[in-house]
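J.:
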Amino acid sequence: MTAKSVPRVQEIEIPPNLRATLCEYTDDIQDSVALQRQVNENGYALLRGVLDREQIIAARKEVFSRLGEVGEISGPVESGIGTGISCRREIAGDLNAFWRDVSTGEALRAVTHGPQLCELLGRFFGEDARPHDLVYLRPMSVGRATRLHYDFPFFAGYSKRIYTAWIPLGEIDQSEGPLLIIENSHEFLDWIEPIRNHDYQSEHANEVVQRAAYEQPNSVDPVTLAEQRGVRLLSADFQPGDLVVFSGFVLHGSLDNCSTIGRVRLSCDVRFQPAADSTADQRYFGTDPVGSAGGGYGAMKGALPLDE
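Using our numbering, the first residue of the sequence shown is number 35, and each one after it goes up by one.
1) Can you give the Cα-Cα distance for T117 and L277, rounded to whole angstroms?
2) So, does the CB of E161 fall closer than 7 angstroms to a CB anywhere in chain D?
3) Contact check, V169 vs D303 under 8 angstroms by CB: the rounded distance?
4) Beta carbon of F132, beta carbon of G114: below 7 angstroms?
5) May I ask you to verify whether the stretch 146-154 touches the stretch 251-267, counting CB pairs closer than 8 angstroms and requiring at least 3?
6) Checking the sheet assignment: what are the DSSP bridge partners for Q307?
7) Can you name, in chain order, every residue of its own chain whose Cβ lies under 6 angstroms from the Cβ of G139, other than the five neighbours on each side?
8) Around the Cβ of D135, are there at least 16 other Cβ atoms within 10 angstroms (buried) or fewer (exposed)?
9) Out of Q89, R122, V111 and R172, which one is the CA nearest neighbour of P149?
10) Using only CA atoms, which one of S39, D86 and E124 lies nearest to A141?
11) Using a threshold of 6 angstroms, is the CB atom of S326 nearer than that to any non-hydrogen atom of the ligand GTP?
12) Look at the alpha carbon of F272 and the alpha carbon of I229, and state the distance between them as a whole number of angstroms.
13) In whole angstroms, give me the CA-to-CA distance for Q72 and T55.
14) To the nearest angstrom, how far is the alpha carbon of R178 from that of D290?
15) According to DSSP, is S236 helix, strand or coil?
16) Tell me whether the stretch 199-206 and the stretch 43-61 touch, counting them as touching only if at least three CB pairs, one residue from each stretch, are closer than 8 angstroms.
17) Taking the alpha carbon of D185 as the point to measure from, which residue in S175, P173 and W200 has its own alpha carbon closest?
18) Assuming T55 is part of the beta strand (DSSP E), what are its boundary residues?
19) What does the alpha-carbon distance come out to for the pair F189 and G320?
20) Pull the bridge partners of L277 from the DSSP assignment, please.
21) For the 8 angstroms Cβ check, are there 3 or more pairs between the stretch 282-289 and the stretch 210-227?
22) Answer yes or no: do I91 and P202 have a C-beta to C-beta separation smaller than 7 angstroms?
23) In chain order, what residues of the same chain have a beta carbon less than 7 angstroms from the beta carbon of I226, not counting five sequence neighbours either side?
24) I91 by DSSP, collapsed to three states: which one?
25) On the three-state DSSP scale, how would you describe E210?
26) Looking only at C-alpha atoms, which of Y78, A68, R122 and G77 sits nearest to A337?
27) How should V67 be labelled, buried or exposed, when 16 other C-beta atoms within 10 angstroms of its C-beta is the threshold for buried?
28) Would G127 and F280 qualify as a contact pair, given that the criterion is a beta-carbon distance under 7 angstroms?
29) With H, G and I counted as helix, E and B as strand and the rest as coil, what does DSSP make of H147?
30) To which residues of the same chain is L171 closer than 6 angstroms at the C-beta, ignoring the five residues directly before and after it?
31) Would you mind reading off the limits of the beta strand (DSSP E) that contains R172?
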């Protein structure tokens with residue numbers, strides 16, 4: 035990072051003593067025990083170059099081509115430079131249908147639901163893994179970020195064992211708003227135990243899970259939180275093919291996208307569970323999953339035009 039590109043979160047520059055780089059996994063990628071040890075110790079595993087680079091680039095081009103069709107990305111679309119305007123509402127009309135089509139694109143699904151990723155996630159469980167049908171595709175415009183949250187309240191219910199696969203769809207440096215993880219947050223038991231013990235299968239109304247996931251972590255800004263907890267804010271620069279896997283009890287969000295050239299940050303979150311666990315949760319499984327808010331793909335932030 036240069037002095038001109040100090041990472042920011044919620045418009046606050048992160049002091050040097052409170053920022054650090056995510057720890058890279060360096061053991062054998064085939065070693066299930068080592069992978070599980072890494073994620074148990076850190077709450078996450080950063081895996082470099084484990085996904086097919088060409089497939090990642092193809093998925094990036096597919097998504098940005100669709101956004102280019104509605105005037106949001108300028109050419110060449112692979113560069114991901116936003117136009118600052120959008121005709122998505124005028125051209126696409128039905129935002130739910132549009133975002134569902136983008137999120138189920140052939141090239142994207144070759145990455146998110148392909149054998150390479152599924153086999154890799156299976157090693158974290160020590161058994162066959164099943165991706166949720168609903169994926170969270172996240173194009174992040176300049177000036178935007180994702181607030182801190184825990185995933186467990188959203189996705190627990192029929193399965194308690196949930197891992198998130200965070201996939202950068204292209205090169206993303208820390209000035210462009212990549213994944214942010216709060217160090218040792220999987221050990222914040224005062225926050226984790228209440229959400230772990232809630233029965234989300236019986237009670238998973240959107241307001242319930244939103245409150246459980248977001249309320250306490252956002253009672254202060256992330257820099258103040260790090261100071262109070264004696265931890266650091268972790269991120270990294272990413273290349274196509276990189277992957278971060280983390281548990282539902284890791285507090286995470288994103289850095290601010292401060293791109294000086296208007297680049298839209300593109301990533302995708304895929305949740306996995308053991309294949310043997312139930313897929314009865316209609317929020318995340320099926321041909322047209324409804325999501326936690328009940329509105330399907332149309333309820334996602336990604337469904338909104340990039341200028342909104």
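Ideal Cβ placement from N, Cα and C applies to all residues, glycine included.
T.: So, from the listed chains and residues:
1) C-alpha separation (whole angstroms): 28 angstroms.
2) Reference to chain D is not applicable here, since this structure consists of a single protein chain.
3) Taking the Cβ atoms as the reference, V169 lies roughly 7 angstroms from D303, within the contact range of under 8 angstroms.
4) No, these two residues do not count as a Cβ contact at 7 angstroms.
5) These segments do not touch.
6) Listed as beta-bridge partners of Q307 by DSSP are R164.
7) Excluding the 5 residues flanking it on each side, G139 has same chain C-beta neighbours closer than 6 angstroms at E96, in chain order.
8) D135 should be labelled exposed.
9) If we check each option's Cα against that of P149, Q89 comes out closest.
10) Nearest C-alpha to A141 among S39, D86 and E124: D86.
11) For the structure depicted, the ligand GTP is absent and the ligand set is empty, with no information on it obtainable.
12) Computed Cα separation, rounded: 31 angstroms.
13) One C-alpha to the other measures close to 15 angstroms.
14) The C-alpha of R178 lies about 6 angstroms from the C-alpha of D290.
15) DSSP places S236 outside both helix and strand once states are collapsed to three, so it counts as coil.
16) No: fewer than three Cβ pairs fall under 8 angstroms.
17) Minimum Cα distance to D185 is reached at W200.
18) In the DSSP assignment, T55 falls within the beta strand (DSSP E) that extends over R53 to T55.
19) F189 and G320 have their C-alpha atoms some 15 angstroms from each other.
20) Its beta-bridge partners are L81.
21) Contact holds: three or more Cβ-Cβ distances are below 8 angstroms.
22) Not a contact, by the Cβ cut-off of 7 angstroms.
23) Contacts found: F283.
24) Correct three-state label for I91: helix.
25) Strand.
26) Selection Y78, A68, R122 and G77 evaluated against A337 yields R122 as nearest (Cα-Cα).
27) Label assigned to V67: exposed.
28) Not closer than 7 angstroms, so no.
29) In the three-state DSSP reduction, H147 falls in the coil class, being neither helix nor strand.
30) Cβ within range, chain order: S137, C302 and G336.
31) R172 -> beta strand (DSSP E) spans Y170 to M174.
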